[in-house]
Amino acid sequence: MTKQFKRTTVTAALIYANGPIHIGHIAGCYLPADIYVRYLRSIGHDVKFVSGTDEHGVPITIKAKKEGITPQEVVDKYYKIIKDSFEEFGISFDIYSRTSNKVHHETSQEMFKNLYDKGQFVEEITEQYFDEKAQTFLADRYIIGTCPKCSNENAYGDQCEKCGSTLSPTELINPRSALSGEKPVMKPTKNWYLPLDKMQPALEEYIASHPEWKTNVLGQVKSWLNDGLRPRAMTRDLDWGVKVPLPDTDGKVLYVWFDAPIGYISMTKELTDEWQKYWQDPETRLVNFIGKDNIVFHCLIFPAMCMADGRFILADNVPANEFMNLEGDKISTSRNWAVWLHEYLREFEGKQDVLRYALAASAPETKDSDFTWGDFQTRNNSELVGILGNFVNRAFVLTQKNFESKIPARGELTDFDRQTLDTLAELPNKIGDAIANYKFREALALVMDVARLGNKYLADTEPWKVIKNDVERTGTILNIGLQIAATLSIVSEPFMPFTAAKLSTGLGLSGLKWSDAGNADLLTAGSPIESIGLLFDKIEETTVQAQIQKLQDAKKMNELAGKEVSAIKDTIQYDDFAKMDLRIGTIEAAEKVAKSKKLLKLTVNDGLKQRTILSGIAEHFSPEDVIGKQVTFLANLAPRPMMGMVSEGMILMAEDKDGSLAFLHPSKDVWSGASIN
1 MTKQFKRTTV TAALIYANGP IHIGHIAGCY LPADIYVRYL RSIGHDVKFV SGTDEHGVPI
61 TIKAKKEGIT PQEVVDKYYK IIKDSFEEFG ISFDIYSRTS NKVHHETSQE MFKNLYDKGQ
121 FVEEITEQYF DEKAQTFLAD RYIIGTCPKC SNENAYGDQC EKCGSTLSPT ELINPRSALS
181 GEKPVMKPTK NWYLPLDKMQ PALEEYIASH PEWKTNVLGQ VKSWLNDGLR PRAMTRDLDW
241 GVKVPLPDTD GKVLYVWFDA PIGYISMTKE LTDEWQKYWQ DPETRLVNFI GKDNIVFHCL
301 IFPAMCMADG RFILADNVPA NEFMNLEGDK ISTSRNWAVW LHEYLREFEG KQDVLRYALA
361 ASAPETKDSD FTWGDFQTRN NSELVGILGN FVNRAFVLTQ KNFESKIPAR GELTDFDRQT
421 LDTLAELPNK IGDAIANYKF REALALVMDV ARLGNKYLAD TEPWKVIKND VERTGTILNI
481 GLQIAATLSI VSEPFMPFTA AKLSTGLGLS GLKWSDAGNA DLLTAGSPIE SIGLLFDKIE
541 ETTVQAQIQK LQDAKKMNEL AGKEVSAIKD TIQYDDFAKM DLRIGTIEAA EKVAKSKKLL
601 KLTVNDGLKQ RTILSGIAEH FSPEDVIGKQ VTFLANLAPR PMMGMVSEGM ILMAEDKDGS
661 LAFLHPSKDV WSGASIN
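Counting in the UniProt record's numbering, the final residue of the sequence shown is number 677, and the numbers go up one at a time with none missing.
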């Protein structure tokens with residue numbers, strides 16, 4: 001960090017409490033923020049890590065409508081799922097709260113009132129979209145239409161999730177209401193606007209003062225500035241949200257992107273009575289970790305709010321990540337194309353650090369990246385098991401076997417020993433510098449270099465051979481190997497806290513800080529070590545294939561969900577229908593037809609005789625599945641020669657969305673030959 005700050009406030013984006021969290025959320029901001037915070041704590045820095053759920057806005061009301069419950073029931077349900085998932089995954093918030101809390105409503109209203117009293121808002125009556133059928137004004141997310149930039153037909157009124165463009169409702173082509181599907185009309189309504197156009201010079205100066213920001217962040221922000229900022233409404237016509245604290249404003253709430261970032265402040269209020277020093281002291285560094293889709297709000301709108309208020313510090317950095325895709329396709333909650341964290345934690349018990357490692361190693365720091373289960377397996381088996389786990393296991397097992405599970409004494413050092421220890425001493429600073437500069441992939445690679453250093457040292461010194469002739473030298477080798485493991489327990493902690501804790505326990509270490517890392521004397525000769533078993537175990541191909549199949553099943557379900565019922569055929573007269581003789585028959589025998597994949601030969605009792613019907617259902621049913629079933633068949637269909645036989649009728653079937661077939665049969669057994677009238 002170039003400037004020295006007394007303390008740091010770290011925020012991670014407030015996620016909508018309208019569903020669980022997935023790996024895209026984790027890789028986007030929560031894991032990078034956690035790595036950064038854990039490092040700051042390790043260097044003894046005063047840091048507060050704040051986040052929570054965003055429980056207002058249209059996504060909540062849409063979810064409530066879809067599930068047939070109240071918005072409050074929605075946020076209560078998902079707040080718990082999200083909070084529990086974060087805790088189990090090791091995201092170490094100092095507080096994880098929610099914007100539905102009373103303190104948040106009061107804090108948001110107080111800030112709005114302060115801006116209002118200072119004359120910072122522009123009050124305007126404008127034409128807004130109104131759904132005449134639903135009799136309500138439509139918030140941005142309730143308006144769907146064609147994106148003017150990428151032609152996505154399902155863009156929202158505030159953003160196109162396909163191309164990432166931020167939009168306004170009036171920019172959409174062919175807008176329609178998400179409530180009724182009807183085309184909305186324009187109707188006058190009063191709202192309060194933050195004049196971003198007048199604030200643009202101050203915002204440009206603020207952005208220009210941070211040339212060190214990530215290129216993807218600066219690129220998006222400068223694009224907005226180049227287009228010219230426009231006033232943005234800070235209130236909405238809705239029932240769900242923080243009420244506007246002004247007279248005669250029933251049915252109006254604060255814009256979710258006004259109240260949501262204030263949540264960072266209100267949650268810090270919940271955390272500590274000294275909250276002001278974390279938000280109002282210029283000696284405090286503010287870092288907002290967010291995803292790509294939140295850049296404009298945290299780099300322009302929230303700073304503009306704070307500037308207008310005058311009491312709060314501005315972000316020193318906004319290290320936003322890009323998007324993480326899944327198996328080559330964009331993660332989508334609506335399509336269930338995601339790896340859900342709460343499901344992963346159940347299906348991969350005790351493997352939090354494997355996912356943390358895989359996501360950090362392929363994090364979308366400057367461009368979109370792709371998570372694949374194959375890569376996840378390779379990183380676990382080749383890197384965590386093959387490198388890190390292999391090194392630690394060899395050092396522990398050799399010590400347990402040859403030195404009674406006690407740290408052996410270190411004797412005379414060779415040049416190779418000194419070279420190894422010199423390299424070890426250099427790595428922690430390199431790792432720390434990378435973390436401090438938000439280069440988490442680089443930092444993780446350097447952490448693995450510590451493990452590689454240990455592996456190479458043991459491979460080159462071969463203590464399993466040396467022990468046969470020189471116990472003292474073997475003790476020196478293993479002492480150095482375990483000292484490397486001790487440093488590894490410190491520098492791996494921000495990335496893999498569960499593994500680091502296990503390693504520290506095995507080495508009998510506690511309370512070590514980053515400044516201890518690289519020290520060759522962290523372990524005292526004669527101190528005991530405890531067996532920790534294998535840090536990681538291999539993930540089998542069958543496990544990975546099951547996850548891939550799970551995604552393919554989700555994709556298939558989405559395809560079927562979008563399938564439409566075929567159109568009704570042309571109208572016929574009753575006399576046409578009356579000509580068909582539909583009957584119930586019982587299948588008494590069935591066999592496959594030779595040289596045909598599709599046909600079954602069915603012997604059907606029609607009440608008068610047994611008839612042969614050839615039916616193209618062999619790919620759906622085996623002969624033994626159908627014997628004894630009562631079925632509907634067309635009895636007076638002209639006989640038809642097929643495969644050297646004659647078919648005397650047609651079995652009627654229903655075809656489901658996925659192409660599977662089902663027999664049409666009566667709700668109770670009836671006599672064979674029963675007519676269908």
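Beta carbons are placed, not taken as given, at the ideal position from N, Cα and C, and that holds for glycine.
Quick check: the Cα distance between ASN357 and TRP373, rounded to an integer number of angstroms? For the purposes of this step, residue 357 is identified with residue 357 of the sequence shown, where counting begins at 1. For the purposes of this step, residue 373 is identified with residue 373 of the sequence shown, where counting begins at 1. Before going on, a small fix: residue 357 reads as Tyr here, not Asn. Their Cα atoms are separated by approximately 13 Å.
Going along the chain, which residues of its own chain have a beta-carbon closer than 6 Å to the beta-carbon of PRO20, five neighbours each way excluded? Walking along the sequence shown from the start, residue 20 turns up at place 20. For PRO20, where only same-chain residues beyond five positions count, the Cβ hits under 6 Å are ILE81, TRP340 and HIS342.
Strand pairing of LYS162, partner residues [DSSP]: Taking the sequence shown and counting its residues from 1, one reaches residue 162 at position 162. Note: LYS162 sits in no beta bridge, so no partner.
Looking only at its own chain, which residues have a Cβ that is under 8 Å from the Cβ of GLN200, when we skip the five neighbours before and after it? The residue labelled residue 200 in the question sits at position 200 within the sequence shown. LEU225, GLY228 and LEU229, listed in sequence order.
Whole-angstrom distance between LEU194 and GLY432, CA atom to CA atom: Stepping through the sequence shown from its first residue, residue 432 is reached at position 432. Stepping through the sequence shown from its first residue, residue 194 is reached at position 194. Roughly 40 Å separates the two Cα atoms.
Can you tell me which of the three DSSP states ILE627 falls into? As a working note, residue 627 is residue 627 in the sequence shown. Three-state DSSP puts ILE627 in coil, outside helix and strand.
Excluding sequence positions up to five away, which residues of its chain have a Cβ less than 7 Å from the Cβ of ALA662? As a first step, residue 662 is located in the sequence shown; it is residue number 662 there, counting from the start. Cβ within range, chain order: MET653, ALA654 and ASP656.
Determine the contact status of LEU413 and LEU421, defining contact as a CB-CB distance below 9 Å. In the sequence shown, the residue the question calls residue 413 occupies position 413. In the sequence shown, the residue the question calls residue 421 occupies position 421. Yes; because the gap between Cβ atoms is below 9 Å, this pair is in contact.
Helix, strand or coil for ALA17, going by three-state DSSP, please let me know. Taking the first residue of the sequence shown as position 1, residue 17 is located at position 17. In this structure, ALA17 counts as coil in the three-state DSSP scheme.
Neighbourhood of ILE143 by C-beta distance below 6 Å, restricted to the same chain and skipping five residues each side: The sequence position of residue 143 within the sequence shown is 143, counting from 1. The residues are TYR129, GLY157, PRO169 and PRO175.
What would DSSP say about GLN135, mapped onto helix, strand or coil? One-based indexing of the sequence shown puts residue 135 at position 135. Reduced to three states, the DSSP call for GLN135 is coil.
Drop a sphere of 10 angstroms on the beta-carbon of MET580, count the other beta-carbons inside from all chains shown, and report buried for 16 or more, exposed for fewer. Looking up residue 580 in the sequence shown gives position 580. MET580 is exposed by the Cβ-count criterion.
Buried or exposed for LYS3, please, with buried defined as at least 16 other CB atoms from any protein chain shown within 10 angstroms of its CB. As a first step, residue 3 must be located in the sequence shown, where it is residue number 3. Classification of LYS3: exposed, given that the 10 Å Cβ count is below 16.
Which listed residue (GLY145, PHE121 and THR99) has its alpha carbon closest to that of LEU172: Residue mapping note: residue 172 aligns to position 172 of the sequence shown, counting from 1. Nearest C-alpha to LEU172: GLY145.
Starting from LYS190, trace the beta strand (DSSP E) in both directions and tell me its first and last residue. Your numbering for residue 190 matches position 190 in the sequence shown. Where LYS190 is concerned, the enclosing beta strand (DSSP E) stretches over 185-194.
Taking Cβ to Cβ, would you say LEU388 is nearer than 9 Å to ALA451? On the sequence shown, residue 388 is found 388 positions in, with the first residue counted as 1. On the sequence shown, residue 451 is found 451 positions in, with the first residue counted as 1. Closer than 9 Å, so yes.
Spatial neighbours of SER97 in its chain, beta-carbon cut-off 6 Å, leaving aside the 5 residues before and after: If you number the sequence shown from 1, residue 97 lands on position 97. These residues qualify, in order along the chain: GLY52, MET267 and GLU270.
For ASN325, the residue or residues it bridges with in DSSP: Taking the sequence shown and counting its residues from 1, the one referred to as residue 325 is at position 325. BP columns for ASN325 point to LYS330 and ASP370.
According to DSSP, LEU634 sits in a beta bridge with which residue or residues? As a position in the sequence shown, residue 634 is number 634, starting the count at 1. Paired residues: LEU582 and MET650.
Collapsed DSSP secondary structure at TYR438 in the structure displayed: Counting from 1 along the sequence shown, the entry for residue 438 is found at position 438. Here TYR438 sits in coil by DSSP.
Cutting at 7 Å between CB atoms, please list the residues of its own chain near VAL242, excluding the five before and the five after it. Here residue 242 corresponds to residue number 242 of the sequence shown, with the count starting at 1. Cβ neighbours of VAL242 beyond the five flanking positions: HIS56, HIS105, SER108, GLN109, VAL253, LEU254 and ASP259.
To the nearest angstrom, how far is the alpha carbon of LYS456 from that of PHE416? Locating residue 456 in the sequence shown gives position 456, where the first residue counts as 1. Locating residue 416 in the sequence shown gives position 416, where the first residue counts as 1. Each residue's Cα considered, the two are about 11 Å apart.
For the beta strand (DSSP E) that MET642 lies in, which residues bound it at each end? Along the sequence shown, one-based indexing puts residue 642 at 642. Its beta strand (DSSP E) spans residues 640-642.
Tell me TYR156's beta-bridge partners as DSSP assigns them. Looking up residue 156 in the sequence shown gives position 156. Answer is ILE144, bridged to TYR156.
Helix or strand or just coil, what does DSSP make of ILE62? As a working note, residue 62 is residue 62 in the sequence shown. Three-state DSSP puts ILE62 in a helix.
Going by alpha carbons, who is nearest to ALA674 out of GLY585, PRO184 and GLY44? As a working mapping, residue 674 is identified with position 674 in the sequence shown. Out of GLY585, PRO184 and GLY44, GLY585 has the C-alpha closest to the C-alpha of ALA674.
Give me the Cα-Cα distance between PRO71 and ARG141, rounded to the nearest whole angstrom. One-based indexing of the sequence shown puts residue 71 at position 71. One-based indexing of the sequence shown puts residue 141 at position 141. PRO71 and ARG141: Cα-Cα distance of roughly 15 Å.
Can you give the Cα-Cα distance for LYS118 and ASP309, rounded to whole angstroms? The residue you call residue 118 lines up with position 118 of the sequence shown. The residue you call residue 309 lines up with position 309 of the sequence shown. So the alpha carbons of these two residues sit roughly 8 Å apart.
Determine which residues share a DSSP beta bridge with GLN545 and list them. On the sequence shown, position 545 is the one that residue 545 refers to. DSSP output for GLN545 lists no bridge partner at all.
For GLU442 and ASP521, what's the separation of their Cα atoms in angstroms? Here the question's residue 442 lines up with position 442 in the sequence shown. Here the question's residue 521 lines up with position 521 in the sequence shown. The straight-line gap from Cα to Cα measures roughly 27 Å.
Boundaries (first-last residue) of the beta strand (DSSP E) holding LYS252: On the sequence shown, residue 252 is found 252 positions in, with the first residue counted as 1. Counting along the chain, the beta strand (DSSP E) containing LYS252 begins and ends at 252-254.
Cβ atoms of PHE49 and GLY164: under 9 Å apart, would you say? Along the sequence shown, read from residue 1 onward, the residue named residue 164 stands at position 164. Along the sequence shown, read from residue 1 onward, the residue named residue 49 stands at position 49. No, Cβ-Cβ distance for GLY164 and PHE49 is not below 9 Å.
By the three-class DSSP mapping on this structure, what secondary structure does LYS214 have? Walking along the sequence shown from the start, residue 214 turns up at place 214. It is coil, neither helix nor strand.
Minimum C-alpha distance to VAL565 - residue among VAL221, LEU582, ILE407 and ASP658: Here the question's residue 565 lines up with position 565 in the sequence shown. Ranking VAL221, LEU582, ILE407 and ASP658 by Cα distance to VAL565 puts ASP658 first.
Which class does ILE477 belong to by DSSP, given the choice of helix, strand or coil? Mapped onto the sequence shown, residue 477 falls at position 477. The answer is helix: DSSP assigns ILE477 an H, G or I state.
Is it the case that the segment 27-37 contacts the segment 355-369, given that we only count it when at least three CB pairs across the two stretches are under 8 Å? yes
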